[in-house]
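Order-wise, the sequence lines are chains R and B. Quick note: to get the working numbering, add 11 to the position in the first sequence (first position is 1). Quick note: to get the working numbering, add 1 to the position in the second sequence (first position is 1). Just so it is clear, CB atoms sit at the ideal spot from N, CA and C, and this is done for glycine as well. These numbers come from a predicted model, not from an experiment.
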Amino acid sequence: MSPFLAGATWLLLFQCAGELVSHALGLPVPGPVVGMLLLFVALRIRDRIPESIGTAADALARHLSLLFVPAGVGVMMYFGRLAGEWLPIVVGLLVSTIVTLAVAALTFAELARRAENAQAAAPESES
Amino acid sequence: MTGERFFELWVYLAATPLAGLTITLVAYVIGYAIYTRAKLHPLVNPVLIAVIAIVICLRIGDVAYGTYFTGAQFVHFLLGPAVVGLAVPLARAWPTMRRLALPVAGTLAFGSAIALMTTIGIAWALGASPGTLASLAPKSVTAPIAMGIAERIGGVAALAAVFAVATGIIGAAVGKFVFDAVGVRDWRARGFALGLAAHGIGTARAFQVNPEAGTYAGLAFGLHGVFAAFLLPLLWRVAQLLTGKL
Numbered sequence: 012m013s014p015f016l017a018g019a020t021w022l023l024l025f026q027c028a029g030e031l032v033s034h035a036l037g038l039p040v041p042g043p044v045v046g047m048l049l050l051f052v053a054l055r056i057r058d059r060i061p062e063s064i065g066t067a068a069d070a071l072a073r074h075l076s077l078l079f080v081p082a083g084v085g086v087m088m089y090f091g092r093l094a095g096e097w098l099p100i101v102v103g104l105l106v107s108t109i110v111t112l113a114v115a116a117l118t119f120a121e122l123a124r125r126a127e128n129a130q131a132a133a134p135e136s137e138s
Numbered sequence: 002m003t004g005e006r007f008f009e010l011w012v013y014l015a016a017t018p019l020a021g022l023t024i025t026l027v028a029y030v031i032g033y034a035i036y037t038r039a040k041l042h043p044l045v046n047p048v049l050i051a052v053i054a055i056v057i058c059l060r061i062g063d064v065a066y067g068t069y070f071t072g073a074q075f076v077h078f079l080l081g082p083a084v085v086g087l088a089v090p091l092a093r094a095w096p097t098m099r100r101l102a103l104p105v106a107g108t109l110a111f112g113s114a115i116a117l118m119t120t121i122g123i124a125w126a127l128g129a130s131p132g133t134l135a136s137l138a139p140k141s142v143t144a145p146i147a148m149g150i151a152e153r154i155g156g157v158a159a160l161a162a163v164f165a166v167a168t169g170i171i172g173a174a175v176g177k178f179v180f181d182a183v184g185v186r187d188w189r190a191r192g193f194a195l196g197l198a199a200h201g202i203g204t205a206r207a208f209q210v211n212p213e214a215g216t217y218a219g220l221a222f223g224l225h226g227v228f229a230a231f232l233l234p235l236l237w238r239v240a241q242l243l244t245g246k247l
């Protein structure tokens with residue numbers, strides 16, 4: 012069997028498991044996200060990534076942005092609403108995204124620098 | 002072929018799932034070819050090109066979104082397995098990533114709060130309606146999760162998906178310039194910020210630019226989805242109390 016087919020089957024099985032857990036426990040998190048967490052735990056327990064799952068996941072990730080196109084085209088249903096409120100929407104999306112990118116990048120870079128300095132100062136206490 | 006016969010064929014074809022699926026792929030392939038020609042320039046976003054091209058075609062052909070979606074849903078559906086598959090880059094990066102637990106958790110919490118507060122703060126100050134605000138709130142979360150959150154807090158699911166896609170496109174387009182402007186060169190930080198602020202579209206962009214950035218983007222994208230699904234409705238309550246209305 013091709014690795015892609017086997018891998019895609021695994022991804023769907025984990026998505027089903029995620030949907031079941033999400034619904035059974037009434038979680039606010041969608042099934043695929045729970046499925047991702049379950050698969051992550053499974054991969055960590057096995058401590059290696061089967062070629063099949065790697066192949067399928069990489070194939071989907073490579074053109075992840077394609078998958079957002081159908082939702083994006085939904086914009087055509089809301090032209091009226093967008094025309095009426097374009098200023099708060101455009102400014103809100105644009106400014107917030109720029110600020111979030113800057114704040115997140117600066118925060119991560121600074122925290123990572125500190126964490127790595129601390130680890131360098133106290134070498135190999137664990138792991 | 003007479004004009005009438007052609008029109009009949011058009012009506013038949015436009016109503017089949019085949020048409021919606023084909024136009025989605027054709028538009029994206031063209032968008033991606035232009036993106037490649039432009040040497041992956043961030044401002045030439047393939048999603049944006051595809052969306053504009055499809056909307057124009059549907060408008061010209063007078064095809065409703067629902068009809069288009071009967072075909073496009075097969076692409077849309079793949080978001081589910083793609084999200085599940087993000088476990089793979091996470092598992093690969095885990096050995097190096099666990100040393101960065103604190104930066105990851107700290108940036109996630111702070112960045113997520115900033116994303117929410119700046120969006121609704123600005124849109125509210127500029128007079129957006131409550132339904133629009135609730136649909137804007139989860140804009141930095143991936144579309145399928147954003148839809149669920151928006152519904153819970155009184156927004157419109159489909160509109161939230163549109164805002165999420167728009168945010169992804171904006172983030173992928175401006176990320177490089179923002180990171181250069183604030184002087185962050187660390188690929189992990191750039192990737193993480195892209196995934197956090199611009200979810201899957203930002204993550205796709207990060208993978209195209211640098212594999213390490215892509216991995217951290219995938220991490221932030223996944224974690225932000227989980228984090229927001231649990232906490233955003235609570236933060237929304239806080240924002241409501243602070244502003245006293247909404």
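* Using DSSP with H/G/I as helix, E/B as strand and the rest coil, what is A274 of chain B? -> As shown, chain B starts at 2 and ends at 247. That puts residue 274 of chain B outside it, with no answer to give.
* Asked: Should I146 of chain B be flagged as near chain R, meaning a C-beta pair shorter than 8 angstroms?
  -> yes
* **Straight-line gap, R186 of chain B to A68 of chain R (C-alpha atoms, nearest Å)** => 28 angstroms
* Relative to the alpha-carbon of K177 of chain B, which residue among B:G72, B:P43 and B:T37 has its alpha-carbon at the smallest distance? -> B:P43
* Burial state of V52 of chain R (16 or more Cβ within 10 Å) -> exposed
* With 16 other CB atoms within 10 Å as the buried threshold, where does V86 of chain R fall? -> buried
* Using a Cβ-Cβ cut-off of 8 angstroms, state whether M88 of chain R counts as contacting chain B. => yes
* Contacts that A132 of chain R makes with chain B (C-beta to C-beta distance below 9 angstroms) -> Correct list: empty, because the minimum Cβ distance to chain B is about 14 angstroms.
* In chain B, which residues lie with their C-beta within 9 angstroms of the C-beta of E96 of chain R? -> A124, L127, G128, A129, S130 and T133
* Asked: First and last residue of the alpha helix (DSSP H) that includes G128 of chain B?
  -> Element bounds for G128 of chain B: n/a, residue is neither H nor E.
* Asked: When you check each C-beta in the segment 103-114 of chain B against every C-beta of chain R, which residues fall closer than 7 angstroms?
  -> L103, P104, G107, T108, F111 and G112
* 7 angstroms Cβ cut-off: residues of chain B touching G85 of chain R -> Y66, A159, A162 and V163
* To do: Work out the CA separation of L93 of chain R and F7 of chain B for me, nearest whole Å.
  => 35 angstroms
* Asked: Does the ligand ZN have a heavy atom nearer than 7 angstroms to the CB of L127 of chain B?
  -> The model depicted lacks the ligand ZN and carries no ligand whatsoever.
* Span of the alpha helix (DSSP H) holding E30 of chain R? -> P14 to A35
* In chain B, what lies closer than 9 angstroms to A17 of chain R by C-beta? -> In chain order: nothing, as chain B lies at least about 13 angstroms away.
* With respect to the alpha helix (DSSP H) encompassing P96 of chain B, which residues constitute its N-terminal and C-terminal limits? -> A88 to M98
* Asked: If the cut is a Cβ gap below 7 angstroms, which residues of chain R does D187 of chain B touch?
  -> A120 and A123
* To do: Indicate whether at least one CB of chain R lies closer than 8 angstroms to the CB of I171 of chain B.
  => yes
* Determine whether the Cβ of S136 of chain R lies closer than 8 angstroms to any Cβ atom of chain B. => Below a pLDDT of 50, predicted positions are generally treated as unreliable, and S136 of chain R, at 49, falls in that range; no measurement from the model is reported.
* Does any C-beta atom of chain B lie closer than 8 angstroms to the C-beta of L36 of chain R? -> no
* Do three or more CB pairs link the segment 228-245 of chain B to the segment 203-213 of chain B at distances below 8 angstroms? -> no
* Distance between P39 of chain R and L101 of chain B (C-alpha atoms, nearest Å) -> 27 angstroms
* Asked: Counting only beta-carbon atoms, is L31 of chain R nearer than 8 angstroms to chain B?
  -> no
* Helix, strand or coil at P41 of chain R according to DSSP, with G and I counted as helix -> coil
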